[in-house]
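Taking it in order: structure first as structure tokens, then the write-up.
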Amino acid sequence: MSATPRSGASAFLDVRDLTVSFPTSTGHTDVVSHLDLTLDAGGALGIVGESGSGKSLTSLAIMGLLPPSATRSGRVLLGGDDLTSMSEPQLRRVRGDRVAMVFQDPLSSLNPYYTVGKQIEEAYCSHRRGVTRRQARAVAVEAMERVHIKEAGRRVDDYPHQFSGGMRQRVMIAMALSTEPELLIADEPTTALDVTVQAQILELLQEIRRDTGLALVLITHDLAVVSEIADHVVVMRRGECVEMGPVEAIFSDPQHEYTRDLLDAVPRIDDEIAALRPVAATGGRA
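Remember, the working numbering sits 3 above the position in the sequence shown when you count from 1.
Okay, here's the thing in structure tokens:
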């Protein structure tokens, strides 16, 4: 199943027949199976599903960051360039420059030995030749201000342990956006944030999309987040896409039973009894 780009536009991100498998005692098991998806330049695509549905593995496969034991097939086209045919040095140039990613766990992504400013500077300098440290520091401060970190000029010299979990996630988002990528893949970027800060981050991502034409892939289990920021939605179950379409259509008239189960599992304030509705077991696929 695949989404169709808007009329008159060619897809900026075009994933074709993507399959990711891992070796098991009985052979290879597909954890992402024959996935097709497209995303226009400046668009926002939400990938939703339960834990273990293959959402994060899809993002890692797009970035070429799968573990050595994994096998990937299919094609990943970015602006017409086939990422699956690139060498590792070529991919390293693409990552961070054209594509950036925000991972789920900022604590393990940030190096405790270096200040957050130094880490943002390093990410920026690795993709911008001839930049001075003073210029890179200014970029780091500006990036931290854009994600609403107060006193960024001072806090740029703080270490990761001096930030809360939510603040560390904002640092990771600042680092990803510092190089002004064309595509941002955000894997649960607001999980560690409270509701107020989450709304600020989502508003920031929308603002950046409007101002720069950034395309966004948002991976989340939070359907409310998807409804606020995404144009199209991919619903994944057991490594497969079970439904895909515009946000309005998916939320107003879901066609697949699993999509309806996910929507029914979301508590509503107008329910007489605010109780979670369980979703049927997915079989434990990673």
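Where a beta carbon is used, it is the ideal one built from N, C-alpha and C, also for glycine.
Quick one: Cα of residue i to Cα of residue j, how far?
i: P192; j: R212; result: 16 Å
i: A179; j: V220; result: 13 Å
i: L187; j: A103; result: 5 Å
i: D108; j: G45; result: 26 Å
i: T22; j: H37; result: 5 Å
i: Q201; j: V250; result: 20 Å
i: A277; j: G52; result: Reliability fails at A277, whose pLDDT of 49 lies under 50, so the model's placement of it is uncertain and no value is given.
i: P92; j: H130; result: 13 Å
i: M66; j: D190; result: 12 Å
i: T194; j: R132; result: 34 Å
i: T199; j: E183; result: 25 Å
Near residue i, which residues of its chain fall below 8 Å by C-beta distance, leaving aside the five closest residues on each side in sequence?
i: L80; result: A14, L16, D17, V18, R19 and L86
i: F106; result: S112, M175 and D190
Give me, in chain order, the residues of the same chain whose beta-carbon lies closer than 6 Å to that of residue i; leave out the 5 immediate sequence neighbours on both sides.
i: E185; result: R101
Thinking C-alpha only, which one of the options is nearest residue i?
i: V236; options: A47, S28 and T29; result: A47
i: A126; options: H151, V97, I152 and I253; result: V97
i: S230; options: A252, G120, V245 and L217; result: A252
i: V150; options: Y116, D190, Q203 and T199; result: Q203
i: D197; options: R173, E210, Q209 and S24; result: R173
Between the stretch 224-239 and the stretch 257-270, do at least 3 Cβ pairs fall closer than 8 Å? Counting Cβ pairs under 8 Å, three or more are found: they touch.
In chain order, which continuous runs of the beta strand (DSSP E) of length 3 or greater are located wholly inside the stretch 105-191? Fully contained in the stretch 105-191 are the following beta strand (DSSP E) runs of length 3 or more, in chain order: 186-190.
Any chance the stretch 152-167 sits against the stretch 75-83, with 3 or more Cβ pairs inside 8 Å? Contact between the stretch 152-167 and the stretch 75-83 is absent, with fewer than three C-beta pairs closer than 8 Å.
Validate contact between the stretch 238-247 and the stretch 54-66 using beta carbons, cut 8 Å, 3 pairs: The stretch 238-247 makes contact with the stretch 54-66: 3 or more CB pairs, one atom from each, lie closer than 8 Å.
Beta strand (DSSP E) runs wholly inside the stretch 60-99, at least 3 long, in chain order: Qualifying beta strand (DSSP E) stretches, in chain order: 74-81.
The stretch 249-258 in contact with the stretch 61-72 per 3-pair CB rule at 8 Å: Output reads no: the stretch 61-72 does not touch the stretch 249-258.
In the stretch 228-278, which residue ranges form an unbroken alpha helix (DSSP H) of at least 4 residues, counting only runs that do not cross its ends? Segments of the alpha helix (DSSP H) lying fully in the stretch 228-278: 250-255 and 260-267.
How do the stretch 161-172 and the stretch 129-143 stand: do at least 3 beta-carbon pairs fall below 8 Å, yes or no? Fewer than three pairs of CB atoms, one per stretch, sit closer than 8 Å, so the stretch 161-172 makes no contact with the stretch 129-143.
At what residue ranges does the stretch 10-64 contain a whole run of the beta strand (DSSP E), taking only runs of 3 or more? Within the stretch 10-64, the runs of beta strand (DSSP E) at least 3 residues long that lie entirely inside it are, in chain order, 16-27, 30-42 and 47-51.
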